[in-house]
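Asker:
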Ligand code: ADP
Ligand code: MG
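Residue numbers (this note's numbering): 2 to 922.
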């Protein structure tokens, strides 16, 4: 921006530059007549991003400029927001016709990705604006979806608070983050080198004045927004960091929207421990909501596979639930019971889903109504949706009663009830319901779902059935609502009759058959007489306008009439606007009722969706066990199974899984899966995680039977070369991620390590995988699955009885190997790398030579085992090593080694052996 040259600019340009100075980091849309114009760098950016022509302004040839017609601006702005830009709208504040001086212009709104409201937002996804605030003792996080009113906050404290907050922030994937401008999102103390690349995932990061994050400003502002004097009711008492972050969000949204945000009337505070924790890497590896590789398309995600929801609210809840599964067994059991009841009753379920399908996006309609950006048709759409609520409530009641009929034991009229965990190998516990959420959904919604009939009736009776898009021309409000409006309208309609009467009379009086009484917006009412009849025009006609073939006249009577009709028209539009505003106000005043209903509809839709899928695909009800079990009989990978079904391919091969991380047992808690590439190892691992996540989301699962103990965290790590999408220093990334697991996993966690150690040399990789497995067994004892092509690791089973070897079954035939995708007991009997290479079409000569080399290699290995290795070290898998290295390893106590020391040791050892690489498969 060439600030220094300001004086040389025209007054208009000076006005522009003044506005731009106030919004340096937004693209300024400057209204000039029928266009919004952009100048300077803004113009270059917009022309590039929107593919519109860059020109130069006439009077100031040096100024790059481009523009969009104002009526099409919404579209262009939405595109810029999606690309992460902020946009400031500078409008004309007075009518150019009425002023001689330069028109006054002001920035009326600032639009940013985190506050977008445009209808093109993805219906199945929230669009969050997030704020982070640090106090001395805690890190607060708040986030708001302005388009739905979903507003939440969380707080983190103690060691690792920042990391946890960051993890949660990234999981939410907000489209915009605000933070205090001089301190940065995580304060000056946090290491920028590790933080910045992570924060870079959030496209738009907006600094906000520090004072907006001060307790004296932010907390009272939040209290005013939520309409309550204390924040206790929202669980925010004693959590100032979260309250301040939330207050800063309110400030930012209010100032950028320059509008009330009355639909944002509640906030949910939550603690991290409330849900199964999935870190961002795990969510991504498991393709819960986003595909790992964009080219594979959205169908590979668990979300898409599980989404047959009927409403946008249900879809958004499903998406959020998959990222935050439950951990309260009572709440989970209660959802199973609800799913089960709907699954068992096809007719009710179908009725229910049909009613749900008629319900549009209540949250987003309400948000538009609150922000006064809704037209008559939006309001009518709300009513058309509300109309289905009584049917939904009725279906819920029927499901509630048919369910209690089927399960007399579970019947109770005293409120919450939960079915106990069904019989398992160990005695089951009866789980006491804790929260309202564990109340049986169908009973709860048949009594508490607010059908909003009053609002629905008010809208239907107030508006005409097919209103125009806007209020500008009237014709929106139904007859019978306002006496004055009805009167004014009858003037309008009797007017049409009077015009016909006047026309008729004047024709007879003048004897001119072609005489016409007409109206246009410039001249009002007039009498038109063709040139040939001008001689017969009476003296009381007053000439108004001359055309080529005709003249137009008016009369005192017509003038009177015109005034009456036009005032009636103006006045009636005014009344219509007032009535519409009253209706809007009434809806806004009832916003919290609508939002509560919307939240219940989301849950009903989610449960009906699970029931539908359970029936359709034969999913079964999981059983919760108090012990840290994971037993799956004939489990299937939900995504791959469905993709195979859709493609009409051979059926997915079901597999069993048994893990038990209880203390006093010798049952396996860690499965080591070996076998060739493409055998089905990764699928088996992910399937286990998907089933646990589905189960804890309250869904039935693709398995004949599943019994599990609640999992507190799921970790998935994929060895570097299986994860090429990540690009940069992948081995380092893999090790950092592994470090996180070893430092934070608990005995209740589920850990999946897929091809760990692949990203480095075989020797390093194998050693690290080995050490990691030992550490997992000695110090964590969680349920874990470890897929590897390091055949050598299978020996660990000798040392750790609870580590169990499995392999993927292969059929060998004269034509090569066939993958059976069956998981079988015991280690793979050998590596199949060369067989896979052959399948892949490597030339026969190469295959032959590879087999020779392998044989030579194996022979030398056996030879060296005899001479060089101490048996206790179990290092027989390595090719000849100098005794020095073996001694170094022998004297190293892995238990006391820090990860850093281990890496240093590895480096030294590596230096010893030089560049020699060892191949094992
Ligand atoms: P690995 O990790 O052992 O290399 P993957 O798990 O990636 O193997 O599986 C390779 C392919 O085999 C998958 O893309 C899938 O199409 C198929 N596959 C895996 N498991 C099964 C199964 N249980 N039934 C049918 N096909 C399977
Ligand atoms: Mg794999």
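Backbone N, C-alpha and C define an ideal beta-carbon position, used for all residues, glycine too.
In this text the structure is predicted, and so the values were computed from the model without any measurement.
1. Name the DSSP beta bridge partners of residue 33, please?
2. In its own chain, which residues sit with a C-beta less than 8 Å from the C-beta of residue 389, not counting the 5 before and 5 after it?
3. Inspect the CB distances between the segment 686 to 693 and the segment 825 to 841 and report whether three or more fall short of 8 Å.
4. Unbroken alpha helix (DSSP H) runs of length 4 or more, entirely within the segment 450 to 506: which are they?
5. Are there any heavy atoms of the ligand MG lying less than 6 Å away from the beta-carbon of residue 683, as far as the coordinates show?
6. Could you give the distance in angstroms between the alpha-carbon of residue 513 and the alpha-carbon of residue 527?
7. Between residue 822 and the ligand ADP, is the CB less than 6 Å from at least one heavy atom?
8. Check the DSSP bridge columns for residue 68 and list the partner residues they point to.
9. Going by C-alpha to C-alpha distance, which of 691, 383 and 27 sits closest to residue 47?
10. What residues in its chain sit with their C-beta under 8 Å from that of residue 472, if we drop five residues either side in the sequence?
11. Does any heavy atom of the ligand ADP sit closer than 6 Å to the C-beta of residue 477?
12. Just to confirm, is the Cβ distance from residue 819 to residue 681 under 7 Å?
13. For the structure I just gave you, are there three or more beta carbon pairs, one from the segment 706 to 721 and one from the segment 620 to 627, closer than 8 Å?
14. Could you tell me whether the segment 86 to 96 touches the segment 20 to 37, where touching means 3 or more Cβ pairs closer than 8 Å?
15. How close, in whole Å, do the beta carbons of residue 65 and residue 40 come, if the pair is a contact with beta carbons under 8 Å?
16. Skipping 5 residues on each side, what residues in its chain have a beta carbon closer than 8 Å to that of residue 168?
17. Which residues does DSSP list as the beta-bridge partners of residue 327?
18. Do the segment 484 to 504 and the segment 390 to 403 meet, that is, are 3 or more Cβ pairs less than 8 Å apart?
19. My guess is that residue 32 and residue 92 are in contact by the Cβ rule of under 8 Å, so how many angstroms apart are they, rounded?
20. So, helix, strand or coil for residue 11, using DSSP?
21. Enumerate in chain order the residues of its own chain whose CB-to-CB distance from residue 479 is below 7 Å, with the five nearest sequence positions on each side excluded.
22. Apart from the five residues on each side of it in sequence, which residues of its chain come closer than 8 Å, Cβ to Cβ, to residue 197?
23. Return the chain-ordered ranges of every alpha helix (DSSP H) run that is complete within the segment 68 to 149 and spans a minimum of 4 residues.
24. Just to confirm my understanding: we take residue 191, look at its own chain, exclude 5 residues before and 5 after, and list those with CB closer than 7 Å. What are they?
25. By Cβ distance below 7 Å, which residues in the same chain neighbour residue 609 in space, the five residues on each side in sequence not counted?
26. Using the rule of at least 16 other Cβ atoms within 10 Å of the residue's Cβ for burial, across every protein chain shown, is residue 722 buried or exposed?
27. Below 7 Å between beta carbons: does that hold for residue 139 and residue 219?
28. I'd like to know whether the C-beta atoms of residue 384 and residue 457 end up nearer to each other than 7 Å.
29. Do residue 328 and residue 289 have their C-beta atoms closer together than 7 Å?
30. Hey, out of 321, 536 and 74, whose CA is closest to residue 51's CA?
31. Tell me whether residue 520 is buried or exposed, calling it buried when 16 or more other Cβ atoms sit within 10 Å of its Cβ.
32. The beta strand (DSSP E) spanning residue 352 covers which residue range?
33. Would you kindly work out how many angstroms separate the C-alpha atoms of residue 117 and residue 79, rounded to a whole number?
34. Could you check whether residue 606 and residue 311 sit closer than 7 Å to each other, using their CB atoms as the reference points?
35. Report the three-state DSSP secondary structure of residue 314 (helix, strand or coil).
36. Under the rule that 16 or more other beta-carbon atoms within 10 Å means buried, what is residue 854, buried or exposed?
Answerer: In terms of the structure at hand:
1. Bridge partners of residue 33: 36.
2. Taken in chain order, the residues that qualify are 356, 357, 359 and 360.
3. Put simply, the segment 686 to 693 does not touch the segment 825 to 841. Fewer than three CB pairs are less than 8 Å apart.
4. Counting only unbroken stretches of 4 or more residues, the alpha helix (DSSP H) elements lying wholly within the segment 450 to 506 are 454 to 463, in sequence order.
5. At least one heavy atom of the ligand MG lies less than 6 Å from the C-beta of residue 683.
6. Approximately 15 Å, taken between the alpha carbons.
7. Under cutoff, so the answer is yes.
8. Its beta-bridge partners are 38.
9. Cα-wise, what sits closest to residue 47 is 27.
10. Taken in chain order, the residues that qualify are 376, 377, 574, 577, 578 and 581.
11. Placement of the Cβ of residue 477 at a distance of 6 Å or more from every heavy atom of the ligand ADP is found.
12. Result no, Cβ atoms of residue 819 and residue 681 do not sit closer than 7 Å.
13. Touching, yes.
14. Because the criterion of three Cβ pairs below 8 Å is met, the segment 86 to 96 and the segment 20 to 37 touch.
15. Contact between residue 65 and residue 40 is confirmed by a C-beta separation of about 7 Å, below the 8 Å threshold.
16. Within the same chain, and ignoring the five residues on either side of residue 168 in sequence, the residues whose Cβ sits closer than 8 Å to its Cβ are 280 and 281.
17. Residue pairing of residue 327 in beta bridges, as defined by DSSP: 276.
18. Verdict: no, contact absent.
19. Confirmed, about 5 Å.
20. In the structure shown, residue 11 sits in coil (DSSP, three-state: anything other than H, G, I, E or B).
21. Within the same chain, residue 479 has close Cβ partners 462, 463, 464 and 465.
22. Taken in chain order, the list of residues that qualify is empty.
23. List check, alpha helix (DSSP H) in window: 74 to 83.
24. Excluding positions up to five away in sequence, the list reads 163.
25. 343, 350, 353, 354 and 357, listed in sequence order.
26. Residue confidence for residue 722 is low, a pLDDT of 48 falling below 50, so the modelled location carries little weight; the figure read from the coordinates is stated next. Burial call: exposed.
27. The Cβ atoms of residue 139 and residue 219 lie no closer than 7 Å to each other.
28. Yes, they are a contact pair.
29. No, the pair does not count as a contact, with Cβ atoms beyond the cut-off.
30. Ranked by Cα distance from residue 51, the first of 321, 536 and 74 is 74.
31. So residue 520 counts as exposed.
32. No beta strand (DSSP E) contains residue 352, which is instead part of the alpha helix (DSSP H) from 347 to 358.
33. In this structure, the straight-line span from the alpha carbon of residue 117 to that of residue 79 is close to 8 Å.
34. In contact: residue 311 and residue 606 (Cβ atoms closer than 7 Å).
35. Per DSSP, reduced to three states, the secondary structure at residue 314 is helical.
36. Flag for residue 854 reads exposed.
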